[in-house]
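Data first, discussion second: the structure below is written as structure tokens.
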Amino acid sequence: QVQLVESGGGLVQAGGSLRLSCAASRSIFSGNAMGWYRQALGKERELVARITSAGGGTYYADSVLGRFTISRDNAKRTVYLQMNSLKPEDTAVYYCNKISTPPPRSWGQGTQVTVSS
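Mapping of the sequence shown onto my numbering: residues 5 to 121, in sequence order.
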């Protein structure tokens, strides 16, 4: 049973900020790089940020670089995504999951982010 609980989404005006949280089970979180993904309506899910298991290395998609910050608290098995300077094109359902090859098969329910212009 996949245990991923994303929260923190909502409706925000362009230029605003949100902080997403994702609580994960030990089997998913511990020792794994984690990522935040998003899926906009009618589009495929894409990776927007990832962080190494110890938290020392991060990657961001070009579309969010400089605006989003990923972090993790290993004691709480939680990964965060601070989103600043939000744009309407950031509107999507946001998911977290481990980074793996092949990609994970099971996902949480995600959290909806809607940015109004």
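For each residue, glycine too, the CB sits at the ideal point set by N, CA and C. In this text, all values refer to a predicted model and were calculated from it rather than measured experimentally.
If you look at residue 32, you'll find it in the alpha helix (DSSP H) that goes 30-33. The bridge partners DSSP lists for residue 75 are 84. In the displayed model, residue 50 falls within a strand according to three-state DSSP. Judged by DSSP secondary structure, residue 101 falls within the beta strand (DSSP E) whose first and last residues are 96-102.
One Cα belongs to residue 13, the other to residue 101, and the distance between them is close to 16 angstroms.
Between residue 17 and residue 74, the alpha-carbon positions lie close to 21 angstroms from each other. Judged by DSSP secondary structure, residue 42 falls within the beta strand (DSSP E) whose first and last residues are 38-43.
Check the Cα spacing between residue 69 and each of 94, 112, 9: the tightest is with 94. Note on geometry: alpha-carbon atoms of residue 9 and residue 63 lie some 22 angstroms from one another. Beta-bridge annotation (DSSP): residue 118 is paired with 15.
Taking C-beta separations shorter than 7 angstroms and ignoring five residues to either side along the sequence, the partners of residue 121 in its chain run 18, 92, following chain order. Taking the CA atoms as reference points, residue 112 sits about 12 angstroms from residue 40.
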